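Undergrad:
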Amino acid sequence: MCNEVRVRFAPSPTGPFHIGGARSALFNWLLARKTGGKLILRIEDTDLERSSRESEENIKAALKWLGMDWDEGVDVGGPYGPYRQTERLELYKKYTDQLLAEGKAYYCYCTDEELEEERQALVKEGKMPRYMGKCRDLTPEQIAAYEAEGRKPTVRFRVPADQQILVRDLVRGDVVFDSNGIGDFVIVKSDGIPTYNYAVVIDDASMHISHVIRAEEHLSNTPRQCLIYDALGFEKPVFGHISLILGKDHTKMSKRHGATSVDQYRQLGYLPAGIDNFLALLGWAPNSEQELFTIEELIQEFSMERVAKNPAVFDIDKLNWINQQYMRQLDAEAFFEIAKPHMIEAGYMTGEEEGEKLAWLKKVVATAKDHVAFGAQIPACVEMYFNDEFDFENEEAAEVLKAETVPTVIGMLLEELPKLEVLDGAAVKGLFKTIQKTTKLKGKDVFMPIRVALTGNQHGPELAEMVPLLGIERTGNRVKASLAKAGITL
RNA sequence: GGCGCUAUGGUCAAGCGGUUAAGACGUCGCCCUCUCAAGGCGAAAUGGCGGGUUCGAUUCCCGCUAGCGCUACCA
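In the numbering used here, the protein residues as written are 0 to 489.
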């Protein structure tokens with residue numbers, strides 16, 4: 000083949016699309032785009048029990064959402080299809096027959112029970128539990144007997160003894176394995192479906208994959224695959240095993256660590272650009288101090304040479320920070336679209352609004368823009384615009400209203416507010432300044448009582464931003480209600 | 001148990017024999033400010049442990065330890 004870079008992403012459609020899978024996909028995609036090569040999307044669905052079309056669709060949707068596309072593979076086709084393993088059974092069979100004929104593989108009639116027994120016995124002796132080759136040299140008579148019993152055989156690969164297997168790995172360097180540590184492994188299950196370690200070789204070879212970039216968990220399986228490459232006379236690709244993504248407790252990411260699937264992050268209102276940026280920085284570092292990268296910049300900067308060997312802990316705080324940077328870059332319209340599903344879920348809008356009401360919602364949502372890391376945080380951030388009935392957050396807040404000067408301040412506010420010609424931030428700010436000047440009070444003594452009376456809280460967005468959005472009437476009502484609750488009379 | 005990979009601050013990490021050991025997230029402090037957030041400034045690591053090689057090691061080698069992975073008719 001030529002020197003074209005051909006990489007692949009080959010997920011198993013067996014559940015939610017994991018964030019670690021997304022990172023593998025991203026590295027492959029970046030490498031393909033960087034080099035002008037091709038990315039192939041292949042579906043490894045040989046686990047009939049757990050694979051589902053729904054899961055495959057979910058993976059493809061997630062990849063697209065993250066901004067990744069593929070040049071060959073399911074849906075788009077290509078010269079080396081089909082791209083779903085269950086649709087390539089004939090191809091595998093052809094090679095299996097060849098291996099069988101050459102004596103490089105053999106039928107194994109052992110049952111699960113027999114295998115388990117053998118394993119237990121070995122463990123008891125303190126030996127390595129592995130298949131000892133019981134069916135390696137069955138006579139035709141024995142085979143006939145098993146067949147007569149109705150036993151369905153698996154096909155095992157005959158692992159040669161005393162062989163040093165070299166795996167050339169882009170990120171780990173050369174790794175050597177001893178074939179004596181590998182038992183004859185199953186390449187075709189009793190139902191005729193090939194196993195992962197077998198199908199992956201035939202597929203990668205027949206699809207002319209030049210670089211196999213995948214998660215580190217596959218490194219120990221690679222010598223098995225190399226054996227098959229050799230047995231079939233295939234040329235081996237270059238491997239690149241990228242480290243695993245760990246949870247906060249340094250164990251493999253699982254549900255216990257919070258959201259682990261791409262879809263969950265999408266639903267929480269994270270941005271694809273944020274996820275991509277974060278994932279790229281997990282196990283890869285640029286040759287600069289830059290932290291924020293557009294997808295184009297990632298393509299520009301990416302290189303396998305700068306991929307780290309050590310496993311990386313998934314740090315949600317960093318993801319949040321990165322995503323927040325992208326949230327802030329959004330224009331008002333895009334931000335509102337992100338907010339919408341969460342606002343609807345919170346019951347703050349229906350999605351049917353139009354005209355003035357919609358315009359008001361947009362303004363309200365816009366106030367959250369610089370303050371949230373992801374979409375799901377938006378409702379809590381604008382909660383005070385929707386809840387006129389509130390309690391003081393604590394005793395301290397209630398205490399603020401007991402100050403001597405409060406009636407004067409609030410009184411002035413209630414009197415002057417309706418007189419404003421235009422109700423906007425500048426006007427409200429001006430009014431506050433006037434109150435401050437006439438009462439000769441410190442800013443805090445003016446703002447804090449108003450804030451507490453208006454929201455019940457001592458914290459929150461800028462008052463000058465809130466009042467215009469609340470309007471004169473609601474501002475008045477809320478303030479009066481709070482004073483009454485605190486037992487203050489004007 | 002065997003084999004393999006990995007090991008720089010809480011986290012992501014730069015560094016590829018001689019550096020004041022970058023930068024970012026997070027944390028803490030200060031400034032700004034009605035508050036929170038944002039923003040600005042600043043603080044905190046002697047490099048898992050023990051040997052070796054070298055004039056000199058975080059950087060190279062070995063051992064130990066730890067974490068993870070593989071050892072499936074799961075991928």
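Built from N, CA and C at the ideal position, the CB exists for glycine as well. Keep in mind the model is a prediction, meaning the values are calculated, not measured.
Short check: CB of Met492 to CB of Val364, under 8 Å?
TA: Not covered by the structure: residue 492. The range shown for the chain is 0 to 489.
Undergrad: Along the alpha helix (DSSP H) that carries Tyr532, what are the first and last residues, could you check?
TA: Because the chain in this structure spans residues 0 to 489, residue 532 falls outside the shown range and cannot be described.
Undergrad: Rounded to whole angstroms, how far is the Cβ of Ile471 from the Cβ of Pro417, which I believe are closer than 8 Å?
TA: That pair is a contact at about 5 Å.
Undergrad: Exposed or buried, what is Pro78 when buried is set at 16 or more other beta-carbons lying within 10 Å of its beta-carbon?
TA: Pro78 comes out exposed.
Undergrad: Roughly how many whole angstroms lie between the Cα atoms of Ile58 and Ala258?
TA: Answer to the nearest angstrom: the Cα atoms are 16 Å apart.
Undergrad: What residue range does the beta strand (DSSP E) around Leu40 cover?
TA: Where Leu40 is concerned, the enclosing beta strand (DSSP E) stretches over Lys37 to Leu40.
Undergrad: Between the segment 152-161 and the segment 115-124, do three or more beta carbon pairs fall short of 8 Å?
TA: With the cut-off at 8 Å, the segment 152-161 and the segment 115-124 do not touch.
Undergrad: I need the straight-line Cα distance from Pro159 to Asn179, nearest angstrom please.
TA: About 8 Å.
Undergrad: If you pair each beta-carbon of the segment 239-248 with each one of the segment 15-22, do three or more pairs fall below 8 Å?
TA: Touching, yes.
Undergrad: Of the residues Gly172, Asp229 and Phe313, which one's Cα is nearest the Cα of Glu304?
TA: Of the listed residues, the one whose Cα sits closest to Glu304 is Gly172.
Undergrad: How would you call Leu489, buried or exposed, if buried means at least 16 neighbouring beta carbons within 10 angstroms?
TA: Leu489 is exposed by the Cβ-count criterion.
Undergrad: Exposed or buried, which one is Met127 when buried takes at least 16 other CB atoms within 10 Å?
TA: So Met127 ends up on the exposed side.
Undergrad: Should Pro193 and Tyr91 be called a contact, given that it needs their Cβ atoms to be closer than 8 Å?
TA: Yes, they are a contact pair.
Undergrad: Going by other Cβ atoms of all chains shown within 10 Å of its Cβ, with 16 needed for buried, is Asp248 buried or exposed?
TA: Its Cβ having fewer than 16 others within 10 Å, Asp248 is exposed.
Undergrad: Counting Cβ pairs, one atom from each stretch, are 3 or more of them under 8 Å apart for the segment 65-74 and the segment 35-55?
TA: The segment 65-74 is in contact with the segment 35-55.
Undergrad: Between which two residues does the alpha helix (DSSP H) holding Arg52 run?
TA: First-last of the alpha helix (DSSP H) with Arg52: Arg52 to Trp64.
Undergrad: Could you tell me which residues DSSP puts in a beta bridge with Glu71?
TA: Ile39.
Undergrad: Who pairs with Leu430 in a beta bridge, going by DSSP?
TA: Leu430 pairs with nothing; no bridge assigned.
Undergrad: Does DSSP classify Asp9 as helix, strand or coil?
TA: The displayed chain sequence assigns Ala, not Asp, to residue 9. Residue state, collapsed to three classes: coil.
Undergrad: Could you check what DSSP says for Thr250 in three-state terms: helix, strand or coil?
TA: Reduced to three states, the DSSP call for Thr250 is coil.
Undergrad: Quick check for students: name the residue ranges of the alpha helix (DSSP H) that lie wholly in the segment 306-339, counting only runs of 4 or more.
TA: Runs found: 315-328.
Undergrad: Which two residues bound the contiguous beta strand (DSSP E) that contains Asp177?
TA: Gly172 to Asp177 is the span of the beta strand (DSSP E), which, as asked, contains Asp177.
Undergrad: Do you know whose CA, among Ala483, Thr438, Gly429 and Thr437, lies nearest Gly455's CA?
TA: Answer by Cα proximity: Ala483.
Undergrad: Note down the Cα distance separating Glu53 from Asp74, rounded to an integer number of angstroms.
TA: Taking the straight line joining both Cα atoms gives about 14 Å.
Undergrad: Going by DSSP, what residue range makes up the beta strand (DSSP E) through Ile241?
TA: That run of the beta strand (DSSP E) goes Val237 to Ile241.
Undergrad: Taking the continuous alpha helix (DSSP H) assigned at Leu360, which residues delimit it?
TA: Looking at the DSSP string, the run of the alpha helix (DSSP H) that includes Leu360 is Gly354 to Ala365.
Undergrad: Suppose the cutoff is 8 Å on Cβ atoms and the five residues either side in sequence are ignored; what does the same chain contact list for Ile294 look like?
TA: For Ile294, where only same-chain residues beyond five positions count, the Cβ hits under 8 Å are Gly66, Ala272 and Asp275.
Undergrad: Quick one: which unbroken alpha helix (DSSP H) runs of 4-plus residues sit fully inside the segment 156-229? Chain order, please.
TA: Listed in chain order, the complete alpha helix (DSSP H) runs (minimum 4 residues) inside the segment 156-229 are 195-205.
Undergrad: Do you know how far the Cα of His207 is from the Cα of Met0?
TA: For Met0, the pLDDT reaches just 49, beneath the cut-off of 50, and the residue's location in the model is therefore unreliable, leaving the point undetermined.
Undergrad: Rounded to the nearest angstrom, what separates Gln328 and Ala372 at their Cα positions?
TA: Using only the alpha carbons, I get a separation of about 12 Å.
Undergrad: Cβ of Val203 within 8 Å of Cβ of Arg83?
TA: Rather than Val, the amino acid found at residue 203 in this sequence is Asp. Cβ distance not < 8 Å, so Asp203 and Arg83 don't count as in contact.
Undergrad: In whole angstroms, give me the CA-to-CA distance for Phe233 and Ile377.
TA: Spanning the two alpha carbons is a distance of roughly 55 Å.
Undergrad: In the DSSP assignment, what residue or residues form a beta bridge with Ile244?
TA: Paired residue(s): Ala311.
Undergrad: Please return the same chain residues whose Cβ sits closer than 7 Å to the Cβ of Gln224, not counting the five positions on each side in sequence.
TA: Closer than 7 Å at Cβ, skipping near neighbours: Asn196, Val199 and Val200.
Undergrad: What number of angstroms, rounded off, separates the C-alpha of Phe335 from the C-alpha of Phe176?
TA: Distance between the alpha carbons of Phe335 and Phe176 is about 55 Å.
Undergrad: Over the uninterrupted alpha helix (DSSP H) stretch that includes Lys479, give me the two end residues.
TA: Start and end: Leu462 to Ala485.
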